[in-house]
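Chains as they are written, first to last, in the numbering used here: chain V, 77 to 415; chain R, 77 to 415; chain B, 77 to 415; chain U, 77 to 415.
What follows is the structure, given as structure tokens:
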């Protein structure tokens, strides 16, 4: 059982809640710190009605989650109003669908400028691009590193875009946060808890990508790592899961989008590029995500996909991104949304 | 290597193709019968350019598939023009999205009439409903059987709908084909080859549902079992696959829809009810399918889901189906389609 | 809730149980027939303690399964004593590990005789071999059919072996049962319920292979289809499941063996050939199965794997099968077993 | 194409190899540093026979891997002789099976001493135990941290055991390496590349656990991250993968053990505790691993599993561990091994 403490509770009151819970069940542990969100975990107490009522009644308690789930702060049950996360001119979770576009990896100033041009032309408000690249093989292109970050910043500023880019380790957080507007936690880092801790302790918004093997509960548990450290600006991203079917790179779990929207107040976007791994499938996948209620899309665009240093087969050409944007503009009003 | 024989080829010509292939490779086998589609399988010959050219050049050969795939007749490479399958007033694969609706299982005349009413009100042209139900446990409700078939026929006639219903074994084919307009092969039967053979040897259109662990190649291989027996009226249906994620009943593989449309000329529809198993997720899943290019939807509707004898949690109420139809009518014109 | 009726119960007593359950819960359905196993399903009754006690107390009731599982007759909770299934000289579930060996498909008398020779030399008591082959593509070798059955019977008789072979449809059951000693239900047929019904209504033992996507509950539910029709001679076979990992053909779920032994009284064997699809991995997989407690092994052996018409890469050569048998004889005494 | 440079090659020779490859293909990149292993990646060159021969012939080239795999240094093709990794008195990859045992998490000195006692009694040479615990929920017990490390060190010293414990982030590496004998990379960190880099740049042996959705290629790619940084002491550990089947916590991929032994020269052990998540299944899974050729086992033992702070249901009692060790001692001689 997880118990959310009111932010206004005094230390005496918190101690009292702990004592009540311990008396009834034997073990209760407090997480969080004064001034931030605080949660009490009570062990093995899912079915004790009497205790539930006693703890619930306490003035220091905001909410009790009796189900055995790994998250509290991300829960819509706890926080029913949808959260809006602002990055530059974008409002994730607002009426407009947010579009982030750019290359898989930053390769050169020219490549990035041409991708940014395509992004702007298609109505994007964020420029995506990897400076630090997690790669399966140590002998693959690992990204331009800090140089890539600077290219991203300069190009985004030139085109009036915000920057979202991946951070791979706690040590990188300060330098990435200094140059980017939004920090991406990649799918391979979804349970890199020291990294979640680090981005939770700074102020820039976080784009949290689902791991290729994350259950919905694990995904939201990871969101709570960030939220519980004090950073409320978290956007979730469905990007395909790994299944038996290898006809496409991943299986795009489009239904996770409305399911997450039911379970959490956080904005939910989709990455149809990684979800499909194949340019010809990105457009239908992007339309499907929008129709399923996604708050945004993050899409790979490359001026010359055939020469991309990573993930070329899944990058759209600028004209294809524009065509997709046109389709989205035609369909979104049916759901009361726009691009 | 698979070689498709022209329908106009003489027996002498067919023998000649077999002889050429055997001479070059050692083994060639002829499948199919005179008057129907015929295919020659040449063993282990994917890379021999010379033979390819020699066999290709023969007047009896329509097409050669050098890649190692289990299907020929379903392939868009062989048959580039999209197939339209007509069932009652519905045209699967035409410009209009086809809607099939009805209960999971036929339970009573009253239940079926109210579901049919909802189907018609929402623009459906087919009534779905199970008379023979494949159930994991022998102690679960197994369907009303032949009585259910008659109820389906009578109700569909009353409301001007066509009937689609599942057939579970070769012996059932004649009696189901006598009363239904379209025979459904359920996901558990996707590799029940004697059953595919039986529905391939009769004339009623077939709705072939993907198995919960079918690869795309296996799915199309099963379609070829039906097509190769002489029945060209096959509609494919994506209905969710089984993955590690059990937050929903299945994982709806929405990208399989555009992928199948690339690989095959057959119509492709979606079953968002089984794909999600949860009524609140059926609507977004249905919208996603339509946005991804589905040619139709098959949806469970029940006048009183709480009392359904099977799969109640995933059935829409009539008002919910109507609301979905309204959403679809608003969004489909963006893709040049209608409901 | 599932209620097993005593075989000695009178019809009046059975009606009384149904009436009690209905009074308390609203719906109760009787499955099975007089003289055979009979089960009552009571809807939605997992938590009602009072009813449980009342129904349990009835003289006609043998056992009540309160958990929501799809099987009763296969359950070790219901039938704690391990079942032994006899086929020829083999005792599945006895102290000796049973070995079945032979080719994937029957190809010729010579091939089969050489495989049978290898089987006998390695201590096998059953000859396996497919006469009817379920194949993904309609253009693949489909087996020799009835001719293959006769070859199996004659060769087995010559070498003093019993025959186990696959049956694919209800209509084939009589002719396969006439010639084989044990009927195999292949993994693609695990939820072919009309076929399970058919093999349940005849007397020959059944080898039930797990489907590549079967959960343990579904596997045992399928076993109950056979058992509930009156045939108690069922042997289960783990043969690999389909997962994200395609480095090998399937993922051998070796832990399913001890798990099944806990849940059911039926014998459990393993098929390391299909589980791995690679001859060099069959031996370690077979040893692992034996160490995990398997009651038997079914292994593909071919006199000339390179020329096999199906599944050559996973077939052992006769000398490799003999080497495996030698390893098994060395390790089995550590578990109080033998080959 | 990956090219392994001889450790004796001069810089001029290395440059020459790069130039040759670039001339033929356009792009070649050098990884590694002088004195350590160095690899050249040549882009898109898998099929060019002429180039292969030209590059191969160069005196600076040790080996060329033409297949598109993400690893070189871990490959048995490159390094055919099995590697032995020594930790304390243990020799991973030698004739004796290595046993590591201990609690999931370090909880107290008393708990740890009783677990160590059980480990020693069962023939273990390493004490396992988590001081830093990766947990799905931020509100779960996160381990005792540095205090836990000191308890591990003191207890291990008292009982003559070596310590293996998890490290979760690059910053933790120095303090964990100072107190432990072997650093564990947990399954959630399998693609935490900055962490792999950090353990690759220090000298203590590394226990690399497979991720729950790692392919074999990805697993060995991660091993190469460590090896390429200069640390050759890597032991691989299969610990169960995530599949559709949730009857047990994970699906133990026992066949990965012999498959890895074919592909890599590194020692391979198994973790039957996490693979099954259920104490009653740990023994058969451990026996299966040993029979499949595992070089060691890492097993959770707890003096009082019912009161464990994490993963109690999968911990063996001391007597159960002893019983398992007795079984292993009886069976291992059949494979020419011992405990």
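We put the beta carbon where it would ideally sit given N, CA and C, even for glycine.
Please decide whether residue 174 of chain R counts as near chain V, where near means a Cβ-Cβ distance under 8 Å.
no
Taking the alpha-carbon of residue 266 of chain R as reference, which of R/295, R/257, R/280 has the nearest alpha-carbon?
The closest CA to that of residue 266 of chain R, considering only R/295, R/257, R/280, is found on R/295.
Residue 157 of chain R: which of R/181, R/305, R/340, R/298 sits nearest, CA to CA?
The shortest C-alpha separation from residue 157 of chain R is found at R/340.
Anything in chain V within Cβ reach of residue 264 of chain U, meaning under 7 Å, just list it in chain order.
267
Spatial neighbours of residue 150 of chain U within its chain, please: CB distance less than 7 Å, with the 5 preceding and 5 following residues excluded, ordered by chain position.
296, 299, 300, 303, 340, 342
Residues that residue 28 of chain B bridges to, as DSSP identifies them:
Here chain B comprises residues numbered 77 to 415, so residue 28 of chain B is not present and cannot be evaluated.
Residue 96 of chain R by DSSP, collapsed to three states: which one?
helix
Hey, how far is the Cα of residue 92 of chain U from the Cα of residue 209 of chain V?
28 Å
May I have the straight-line CA-CA distance separating residue 356 of chain R from residue 152 of chain B, to the nearest angstrom?
39 Å
Less than 8 Å between the C-beta atoms of residue 330 of chain B and residue 366 of chain B, yes or no?
no
For residue 391 of chain V, which residues in the same chain have their Cβ closer than 8 Å to its Cβ, ignoring the five residues on either side in sequence?
179, 180, 349, 355, 376, 377, 378, 381, 384
Amino acids of chain V, ordered along the chain, whose beta-carbon sits closer than 7 Å to that of residue 320 of chain B
318, 319, 320
Going along the chain, which residues of the region 234-246 of chain B sit with their C-beta nearer than 7 Å to a C-beta in chain R?
244, 245, 246
Proximal chain U residues relative to residue 329 of chain V, where beta-carbon distance stays under 8 Å
Taking the beta carbon of residue 329 of chain V as reference, no residue of chain U falls within 8 Å; the closest one sits roughly 14 Å away.
Taking the beta carbon of residue 263 of chain V as the centre, do at least 16 other beta carbons fall within 10 Å, making it buried, or is it exposed?
buried
Where in the region 219-247 of chain B do unbroken runs of the alpha helix (DSSP H), each at least 4 residues long, occur, reported from the N-terminal end onward?
222-235
Does the beta carbon of residue 96 of chain V sit closer than 8 Å to a beta carbon anywhere in chain U?
no
Buried or exposed: residue 334 of chain V, going by 16 or more other Cβ atoms within 10 Å of its Cβ?
Looking at its Cβ environment, which holds 16 or more other Cβ atoms inside 10 Å, residue 334 of chain V is buried.
Contacts of residue 153 of chain B in chain U (Cβ-Cβ under 9 Å)
Neighbours of residue 153 of chain B on chain U: none; closest Cβ ~15 Å, over 9 Å.
DSSP state of residue 254 of chain R mapped onto helix, strand, coil
In the structure shown, residue 254 of chain R falls within a helical segment according to DSSP collapsed to helix, strand and coil.
Counting contacts by CB-CB distance shorter than 8 Å, is residue 324 of chain R in contact with chain V?
Look at residue 324 of chain R: its C-beta is under 8 Å from a C-beta on chain V.
Residue 122 of chain V: buried (16+ other C-beta within 10 angstroms of its C-beta) or exposed?
Confidence in residue 122 of chain V is poor, its pLDDT being 48 and thus under 50, which makes the residue's placement unreliable; the coordinate value appears in the next sentence. Answer is exposed; the Cβ neighbour count stays below 16.
Contact residues within the region 289-307 of chain B, judged by C-beta distance below 7 Å to chain R:
289, 294, 297, 300, 301, 304
Under the rule that 16 or more other beta-carbon atoms within 10 Å means buried, what is residue 87 of chain V, buried or exposed?
It is exposed - the Cβ of residue 87 of chain V has fewer than 16 other Cβ atoms within 10 Å.
Name the chain B residues whose beta carbon is nearer than 9 Å to that of residue 115 of chain R?
214, 215
Closest Cβ-Cβ distance between residue 122 of chain V and chain R: below 8 Å?
Low confidence applies to residue 122 of chain V: its pLDDT is 48, below 50, so where it sits in the model is not reliable, and the reading given next is rough at best. No, because no Cβ of chain R sits closer than 8 Å to the Cβ of residue 122 of chain V.
For residue 342 of chain R and chain B, any beta-carbon pair shorter than 8 Å?
no
Mark residue 403 of chain B as exposed unless 16 or more other C-beta atoms lie within 10 angstroms of its C-beta, in which case mark it buried.
buried
Is residue 376 of chain R close to chain V? Criterion is C-beta to C-beta, closer than 8 Å.
no
Bridge-paired residues (DSSP) for residue 107 of chain R:
R/115
Taking all protein chains shown into account, do 16 or more other C-beta atoms lie within 10 angstroms of the C-beta of residue 183 of chain U, making it buried, or fewer, making it exposed?
By the neighbour-count rule (16 or more Cβ atoms within 10 Å), residue 183 of chain U is buried.
Return yes when the Cβ of residue 198 of chain R is within less than 8 Å of the Cβ of residue 175 of chain R, no when it is not.
yes
CA-to-CA distance, residue 327 of chain R to residue 253 of chain U, given in whole angstroms:
43 Å
Nearest-angstrom Cα separation, counted from residue 352 of chain R out to residue 188 of chain V:
40 Å
When DSSP labels each residue in this structure, what does residue 187 of chain U get in the three-state scheme?
helix
Nearest candidate by alpha-carbon position, reference residue 338 of chain U, set U/268, U/362, U/190, U/369:
That would be U/369, whose Cα lies nearest to the Cα of residue 338 of chain U.
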